[in-house]
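Numbering (UniProt numbering), first residue to last: 1 to 333.
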C-alpha cells in the first residue's frame, strides 16, 4: 500500500482480528494466540503499516497491576469459601500474565480511600468489583479512576458496561420448581441481603416459581449469607409458619444453619422439611444430611471476570456474561 499510512483498523480488518489484538501484538502483550499473531504480522507486512512510536509508548504504558476490590471490611472474608473460590479463579488467569493482583477490602471509607489513592497514582490498569451493595460508594470511586471496571455481579441500580454474573434468578426458580415437583406446598425461603443484587435475584426466583404454581410466597425470613443468620431465620420461620414443609435458602452457609435449627426443633430433613441451598460450596457435601443445592460456577466467575478485565485493558470490547447454574440433588430434598 502506498501513499497514506494504513490505520490500525485496516490492519485489524486485514488480519481478521480485533483492534485490541493488533495493539497487543504491537506491544508484545500476552493473551494472543500464535495464529492471531501470525495474521497480524502478515497484515502489517502486506499493508506496510509502520506503528507510531508515540502511540506504542502510550499503549504500552501499563501500571503492571489490577485490583480486586471487595465491598467488605471483614478480614475473615478470605476464609469464606465463596470468596476463596472466586480469588482462586482470578489467580488462575493472573498466573498467565505479567500483572500483579492487589486485594482491597473497600466497604469502609478508609478502604475506599486506599483504592482511590491507587487509582489516582495510576497504580493499576483496571479494577474488579465484588459484593456491592445498593448505592455502594465504591462504584463511584472505581468509575472515577479512568481505568476499565469489571463487576462481579450486577449492581442493583444499573447494568454496567462490563460484568460477569451467575443466573441467580433462574437458579432459584429451578430450586423451588423442584420442591414443588416433589409435592411440597408450604415452601418458605431464607433470603440473602436485599440491598445486594444477588439477594434480590434469588428472592425473585423463589417468588416467580410459587406464583406460577399458584402457591403462597409469604413464608419469608431474611439473612446475611452467614450460617448464624440462617439458623436465626429458620427458627423465626418455624415460629411463624409451623406448617412449612420446605425451605429454599439463598446460600449454602445459611442452609447449614437452617439444618442445625431444624434438628434442634425436632424436625427431620427431608421427611418433615426439605431444604435446598445455593452455591454448592464444599460445606454442602458435609452437612447432615448432605445438601441439595444450586451450583453456580464460582471459580469460573473469578476467571471470567479477570479475562474480561484483561480484554478491556487491551482495548477489546467484551460483552456482559451470565454463567449458567444447575441443581445438584443430594439428601436434604
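Using N, Cα and C, we set each Cβ at its ideal position, and we do this for glycine too.
Source: prediction; values computed, not measured.
Residues that residue i bridges to, as DSSP identifies them
{"i": "residue 165", "result": "322"}
{"i": "residue 152", "result": "130, 164"}
{"i": "residue 102", "result": "67"}
{"i": "residue 222", "result": "191"}
{"i": "residue 293", "result": "277, 328"}
Residue from the options whose Cα sits closest to the Cα of residue i
{"i": "residue 82", "options": "279, 314, 290", "result": "279"}
{"i": "residue 305", "options": "154, 193, 43, 185", "result": "154"}
{"i": "residue 109", "options": "70, 328, 323", "result": "70"}
{"i": "residue 207", "options": "135, 285, 144, 187", "result": "187"}
{"i": "residue 176", "options": "146, 215, 198, 143", "result": "215"}
{"i": "residue 193", "options": "249, 138, 162, 180", "result": "249"}
{"i": "residue 319", "options": "230, 288, 160, 325", "result": "160"}
{"i": "residue 107", "options": "233, 96, 72", "result": "72"}
{"i": "residue 246", "options": "102, 228, 298, 292", "result": "292"}
Near the ligand MG: residue i beta-carbon under 6 Å from a heavy atom
{"i": "residue 167", "result": "Annotation note on the ligand MG: not contained in the displayed structure, which lists no ligands."}
Residue i versus residue j - alpha carbon distance
{"i": "residue 64", "j": "residue 98", "result": "7 Å"}
{"i": "residue 113", "j": "residue 148", "result": "18 Å"}
{"i": "residue 268", "j": "residue 222", "result": "22 Å"}
{"i": "residue 158", "j": "residue 115", "result": "22 Å"}
{"i": "residue 84", "j": "residue 78", "result": "6 Å"}
{"i": "residue 35", "j": "residue 88", "result": "29 Å"}
{"i": "residue 256", "j": "residue 33", "result": "45 Å"}
{"i": "residue 260", "j": "residue 164", "result": "33 Å"}
{"i": "residue 262", "j": "residue 275", "result": "10 Å"}
{"i": "residue 294", "j": "residue 209", "result": "15 Å"}
{"i": "residue 332", "j": "residue 273", "result": "8 Å"}
{"i": "residue 25", "j": "residue 126", "result": "20 Å"}
{"i": "residue 6", "j": "residue 23", "result": "14 Å"}
{"i": "residue 134", "j": "residue 184", "result": "34 Å"}
{"i": "residue 182", "j": "residue 321", "result": "32 Å"}
{"i": "residue 139", "j": "residue 93", "result": "24 Å"}
{"i": "residue 202", "j": "residue 40", "result": "45 Å"}
{"i": "residue 45", "j": "residue 311", "result": "25 Å"}
Residue burial classification, residue i (beta-carbon count within 10 angstroms, cutoff 16)
{"i": "residue 117", "result": "exposed"}
{"i": "residue 55", "result": "Model confidence at residue 55 stands at a pLDDT of 44, short of 50, so the residue's coordinates are unreliable and nothing is read from them."}
{"i": "residue 218", "result": "exposed"}
{"i": "residue 240", "result": "exposed"}
{"i": "residue 270", "result": "buried"}
{"i": "residue 53", "result": "Because residue 53 carries a pLDDT of 45, less than 50, the predicted location of this residue cannot be relied on, and the following value inherits that uncertainty. Residue 53 is exposed by the Cβ-count criterion."}
{"i": "residue 75", "result": "exposed"}
{"i": "residue 11", "result": "buried"}
{"i": "residue 326", "result": "exposed"}
{"i": "residue 121", "result": "exposed"}
{"i": "residue 66", "result": "buried"}
{"i": "residue 42", "result": "exposed"}
{"i": "residue 309", "result": "buried"}
CB contact check: residue i to chain D, cutoff 7 Å
{"i": "residue 47", "result": "Looking for chain D here will not work: only one protein chain is present."}
Reduced DSSP category for residue i - H, G, I as helix; E, B as strand; rest coil
{"i": "residue 126", "result": "strand"}
{"i": "residue 311", "result": "helix"}
{"i": "residue 82", "result": "helix"}
{"i": "residue 49", "result": "coil"}
{"i": "residue 135", "result": "coil"}
{"i": "residue 16", "result": "coil"}
{"i": "residue 327", "result": "strand"}
{"i": "residue 200", "result": "helix"}
{"i": "residue 277", "result": "strand"}
{"i": "residue 268", "result": "coil"}
{"i": "residue 90", "result": "helix"}
{"i": "residue 247", "result": "strand"}
{"i": "residue 146", "result": "coil"}
{"i": "residue 306", "result": "helix"}
{"i": "residue 287", "result": "coil"}
{"i": "residue 238", "result": "helix"}
{"i": "residue 230", "result": "helix"}
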